[in-house]
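Engineer: Going down the list, the sequences are from chains A and B.
Just so we're aligned: the first sequence equals residues 116 to 323 in the working numbering.
Just so we're aligned: the second sequence equals residues 116 to 323 in the working numbering.
Ideal Cβ placement from N, Cα and C applies to all residues, glycine included.
This one's a predicted model, so the numbers in the text were calculated from it and none came from an experiment.
Mind looking over this structure? Questions follow.
Number of protein chains: 2
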Amino acid sequence: MQTPTERVKRPSADATRERILAAALDVFAERSFDGATTRDIAARAGVTQPLLNYHFSSKDELWRAAVDGLFDELNRSLASRADGLRGVDELTMSRLLVREFIYFSASHPQLHRIITGECKADGPRMDWLVDRHVRPLYEVTTAMFARLVEQGHIPAIPPAHLYYILTGAGPTMFVLAPECRRLAGIDPFSDEVIEAHADSVTALLFDR
Amino acid sequence: MQTPTERVKRPSADATRERILAAALDVFAERSFDGATTRDIAARAGVTQPLLNYHFSSKDELWRAAVDGLFDELNRSLASRADGLRGVDELTMSRLLVREFIYFSASHPQLHRIITGECKADGPRMDWLVDRHVRPLYEVTTAMFARLVEQGHIPAIPPAHLYYILTGAGPTMFVLAPECRRLAGIDPFSDEVIEAHADSVTALLFDR
DNA sequence: CAAGACCCTAATCATTTGATTAGATTCAGA
DNA sequence: TCTGAATCTAATCAAATGATTAGGGTCTTG
Numbered sequence: 116m117q118t119p120t121e122r123v124k125r126p127s128a129d130a131t132r133e134r135i136l137a138a139a140l141d142v143f144a145e146r147s148f149d150g151a152t153t154r155d156i157a158a159r160a161g162v163t164q165p166l167l168n169y170h171f172s173s174k175d176e177l178w179r180a181a182v183d184g185l186f187d188e189l190n191r192s193l194a195s196r197a198d199g200l201r202g203v204d205e206l207t208m209s210r211l212l213v214r215e216f217i218y219f220s221a222s223h224p225q226l227h228r229i230i231t232g233e234c235k236a237d238g239p240r241m242d243w244l245v246d247r248h249v250r251p252l253y254e255v256t257t258a259m260f261a262r263l264v265e266q267g268h269i270p271a272i273p274p275a276h277l278y279y280i281l282t283g284a285g286p287t288m289f290v291l292a293p294e295c296r297r298l299a300g301i302d303p304f305s306d307e308v309i310e311a312h313a314d315s316v317t318a319l320l321f322d323r
Numbered sequence: 116m117q118t119p120t121e122r123v124k125r126p127s128a129d130a131t132r133e134r135i136l137a138a139a140l141d142v143f144a145e146r147s148f149d150g151a152t153t154r155d156i157a158a159r160a161g162v163t164q165p166l167l168n169y170h171f172s173s174k175d176e177l178w179r180a181a182v183d184g185l186f187d188e189l190n191r192s193l194a195s196r197a198d199g200l201r202g203v204d205e206l207t208m209s210r211l212l213v214r215e216f217i218y219f220s221a222s223h224p225q226l227h228r229i230i231t232g233e234c235k236a237d238g239p240r241m242d243w244l245v246d247r248h249v250r251p252l253y254e255v256t257t258a259m260f261a262r263l264v265e266q267g268h269i270p271a272i273p274p275a276h277l278y279y280i281l282t283g284a285g286p287t288m289f290v291l292a293p294e295c296r297r298l299a300g301i302d303p304f305s306d307e308v309i310e311a312h313a314d315s316v317t318a319l320l321f322d323r
């Protein structure tokens, strides 16, 4: 027997929920929270606009659900990469995790776009974002950098600065992809350019 | 005598125009174009909302005027710095111009915020922004990097990648200042942190 | 199969937004 | 001082936006 409050969901509901979340992530990343309209999200998901309020109580909650999914993916990517590298020395591990972060930034430019969009506004959504998702990543990243500096593998730069250098240098080419295409005439999302960018960033950080 | 079409402007008009432009720059940077409301801009400028349509024909034109002013300031900063360094060797010149760019990013975080905001949307405003303001800066910057690579002063990284590493690593700490304050507990806009960041970025780029 | 919960849509509401209009006020110049 | 253009405000409009309501259709389950 099931508790009285438990809802019996149908598979179709989960499928449309996912389509809405994917569309929401794209639109929120492209237009920021205020600029994103629920009608635009609904159109991209192929549903009517009131359906968003059926699956999610508000635009705000939809945003949170979409961002949760994005960070879940990021954490899974990094965790599984680190898992496959158990036993590898810390310098190599760090290089490869930085590469993994750059690959993720290329396949999910929404990540950095949403962070910058919310950070500019500096409202309650940013508080939620930092406390729930960014801080854990910051802690583990700066701890890693601190060890690398201590071991002399990278220059003596304060970990907080290394963090913002990495989160800036890594994703910016993909965040500014439309500009990059026009300026440099290259597609930042092509495999060669992604590889070249990962090479460039890791070289600057780790090769001396 | 003056031509019939010439308007006789009063000083007060220029003053309020400037106040509106300054407020518009802040609000556009904080909330992106769509999220910025003309009422909010007017309130920060201390005027009524219809006055924006008196001085500027539309929200779009107001945005262009504000962005023009911002890039004028950037170009003046870099030009006057380069001017004061005439005769200095290229490596030192480059280091100091990179520092100048970081100082400007700290004093005007709106620059990178507006670029990223428009680049995400990828609309006609981005075309205007790239063609009118970004391309000249891109050309001179990548040319500089190409010479530095050729002379062996920095690692052999394609200039386009160096450009996005610099425009990412330099401003991101200031663009994400609210996050940085919460995560690292430091104020990115304090003189010490700005200096430390300029040291960090130039060290990674130029010290080998 | 019948009932009820679940999934979804059409119509609509109250607010907010950029822009316009009409008019008040201020200032320069004759 | 007087006139007219320049500057600015109050009132308002049409469009767009997030959300709600009422109801139709569908699947499960007893």
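What residue ranges within the region 220-299 of chain B form continuous alpha helix (DSSP H) runs of no fewer than 4 residues, ordered along the chain?
Structural biologist: You should have 225-236, 239-244, 250-265, 274-284, 287-290, 292-299.
Engineer: Is Arg-297/B close to chain A, meaning its C-beta is less than 7 Å from at least one C-beta of that chain?
Structural biologist: Yes, its Cβ sits closer than 7 Å to a Cβ of chain A.
Engineer: Helix, strand or coil, according to DSSP, for Thr-120/B in the structure here?
Structural biologist: With a pLDDT of only 40 at Thr-120/B, under 50, the local geometry of the prediction cannot be trusted, and the value read off the model is given with reservation. DSSP places Thr-120/B in coil when its eight states are reduced to three.
Engineer: Indicate whether at least one CB of chain B lies closer than 7 Å to the CB of Arg-228/A.
Structural biologist: Answer yes: the Cβ-Cβ gap between Arg-228/A and chain B drops below 7 Å somewhere.
Engineer: I need the straight-line Cα distance from Val-308/B to Ile-301/B, nearest angstrom please.
Structural biologist: Rounded to whole angstroms, Val-308/B to Ile-301/B spans 8 Å at the Cα level.
Engineer: If Phe-260/B sits next to Leu-277/B, beta carbons under 8 Å apart, how far is it from one beta carbon to the other, in whole angstroms?
Structural biologist: Contact flag correct, Cβ pair sits at about 4 Å.
Engineer: In whole angstroms, give me the CA-to-CA distance for Ile-324/A and Glu-215/A.
Structural biologist: Lying outside 116 to 323, the shown extent of chain A, residue 324/A is not represented and no answer is given.
Engineer: Give the residues from the region 230-251 of chain A that approach chain B closer than 9 Å (Cβ to any Cβ), ordered along the chain.
Structural biologist: Going along the region 230-251 of chain A in chain order, one finds Ile-230, Thr-231, Gly-232, Glu-233, Cys-234, Lys-235, Ala-236, Asp-237, Met-241, Asp-242, Leu-244, Val-245, Asp-246, Val-249, Arg-250 with a Cβ nearer than 9 Å to chain B.
Engineer: Please look up how many angstroms separate the CB atoms of Val-162/A and Thr-131/A, rounded, as I've assumed it's under 8 Å.
Structural biologist: So it is a contact: roughly 6 Å between Cβ atoms.
Engineer: Does the pairing of the region 153-171 of chain B with the region 239-248 of chain B give three or more beta-carbon distances under 8 Å?
Structural biologist: Not touching, per the Cβ criterion.
Engineer: Check the Cβ of Pro-270/B against every Cβ in chain A and list those closer than 9 Å, keeping chain order.
Structural biologist: In chain order: Ser-315, Ala-318, Leu-319, Asp-322.
Engineer: Mapping the DSSP letters down to three states, classify Ala-151/B as helix, strand or coil.
Structural biologist: Three-state result, Ala-151/B: coil.
Engineer: Is any beta-carbon of chain B found at less than 7 Å from that of Ile-217/A?
Structural biologist: No, because no Cβ of chain B sits closer than 7 Å to the Cβ of Ile-217/A.
Engineer: Starting from Arg-179/B and walking both ways along the alpha helix (DSSP H), at which residues does that stretch end?
Structural biologist: It spans 174-199 - the alpha helix (DSSP H) in which Arg-179/B sits, taken as one unbroken run.
Engineer: Suppose you measure from the CA of Ile-156/B to the CA of Glu-205/B; what does that come to, to the nearest Å?
Structural biologist: About 43 Å.
Engineer: Tell me whether the beta-carbon of Ala-299/B lies closer than 7 Å to the beta-carbon of Ala-275/A.
Structural biologist: Yes; because the gap between Cβ atoms is below 7 Å, this pair is in contact.
Engineer: Is Val-264/B closer than 7 Å to Ala-258/B when the C-beta atoms are compared?
Structural biologist: Contact flag unset, no.
Engineer: Does any CB atom of chain B fall closer than 7 Å to the CB of Met-288/A?
Structural biologist: So, interface residue.
Engineer: Relative to the alpha-carbon of Leu-177/B, which residue among His-223/B, Ile-230/B, Thr-153/B, Pro-293/B has its alpha-carbon at the smallest distance?
Structural biologist: Of the listed residues, the one whose Cα sits closest to Leu-177/B is Thr-153/B.
Engineer: Please compile the residues from chain A whose C-beta is within a distance smaller than 8 Å of the C-beta of Ser-147/B.
Structural biologist: What Ser-147/B touches in chain A: Arg-146, Ser-147, Asp-149, Gly-150, Gly-232, Lys-235.
Engineer: From Gln-266/A, Ser-192/A, Asp-322/A, Val-142/A, pick the residue whose C-alpha is nearest to that of Ile-217/A; which is it?
Structural biologist: It is Ser-192/A whose Cα lies nearest to the Cα of Ile-217/A.
Engineer: Could you check the C-alpha separation between Asp-306/B and Asp-322/A for me, to the nearest Å?
Structural biologist: Looking at the two C-alpha atoms, the distance is approximately 29 Å.
Engineer: DSSP state of Phe-304/B, grouped into three classes?
Structural biologist: Three-state DSSP puts Phe-304/B in coil, outside helix and strand.
Engineer: Do Ser-195/A and Pro-286/A have their CB atoms nearer than 7 Å?
Structural biologist: Contact: no.
Engineer: Compute the Euclidean distance between the alpha carbons of Arg-297/A and Gly-202/A, then round it to the nearest angstrom.
Structural biologist: If you take the alpha carbons of Arg-297/A and Gly-202/A, they lie about 43 Å apart.
Engineer: Under three-state DSSP, which class holds Thr-317/A?
Structural biologist: In the structure shown, Thr-317/A sits in a helix (DSSP, three-state: H, G or I).
Engineer: Mind checking if His-223/A is an interface residue toward chain B, Cβ cutoff 7 Å exclusive?
Structural biologist: So no, His-223/A is outside the interface.
Engineer: Below 8 Å on the Cβ atoms is my contact criterion, and I expect Glu-145/A with Lys-174/B to pass it. Report the Cβ-Cβ distance as a whole number of Å.
Structural biologist: At roughly 19 Å, the Cβ-Cβ gap does not stay under 8 Å, so Glu-145/A and Lys-174/B are not in contact.
Engineer: For Arg-228/A and Leu-226/B, what's the separation of their Cα atoms in angstroms?
Structural biologist: When rounded, the distance between both Cα atoms is 15 Å.
Engineer: So, is Glu-133/B buried or exposed, given that buried needs 16 or more other C-beta atoms within 10 angstroms?
Structural biologist: It counts as exposed.
Engineer: Can you find the residues in the same chain that come closer than 6 Å, C-beta to C-beta, to Val-142/A, ignoring five residues on each side of it along the sequence?
Structural biologist: Around Val-142/A: Ala-151, Asp-155, Ile-156.
Engineer: Of all Cβ atoms in chain B, is any one closer than 7 Å to the Cβ of Ala-275/A?
Structural biologist: With 7 Å as the cut-off, Ala-275/A counts as an interface residue toward chain B.
Engineer: Considering only the beta carbon of each residue, do Ala-284/B and Gly-283/A sit closer than 7 Å?
Structural biologist: Closer than 7 Å, so yes.
Engineer: Where Leu-291/B and Asp-149/B are concerned, what is the direct C-alpha to C-alpha distance, given to the nearest angstrom?
Structural biologist: Distance between the alpha carbons of Leu-291/B and Asp-149/B: 20 Å.
Engineer: Are Val-182/B and Thr-317/B touching if we call contact CB-CB under 7 Å?
Structural biologist: No, they are not a contact pair.
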